[in-house]
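Take a look at the structure set out below.
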Amino acid sequence: MERTFHVPRKWIGALIGLICALLFILLGFWETLFVFLCVGLGYLIGQRLDMEGEQSVSEFFGRLFPSR
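To convert, note that position 1 of the sequence shown is 0 in my numbering; the numbers rise steadily by one, no gaps.
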């Protein structure tokens, strides 16, 4: 399969470094760390939902927020 949009990995790494530096300058260390923690948690939740399928989305949130 041919790649439609090719960006060398060094440019992706440089862009990630630039974003990290800007977040650190604008927000500070702890706020930047919190942003990365939220992004990582969102990624893990999305990955789990992808593995389980669409029907289990309501089941996942049902387990996360059980009704009383």
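All C-beta atoms in this analysis are idealised placements derived from N, C-alpha and C, irrespective of residue type, glycine included.
Legend entry - Inter-residue spacing [alpha-carbon to alpha-carbon] between V38 and A20: Separation of V38 and A20 (C-alpha to C-alpha, rounded to the nearest whole angstrom) is 16 angstroms.
Legend entry - Residue-level contact to chain C via CB, G41, 9 angstroms cutoff: Looking at the structure shown, chain C is missing, and only one protein chain is on hand.
Legend entry - C-alpha gap between R8 and F35, whole angstroms: About 21 angstroms.
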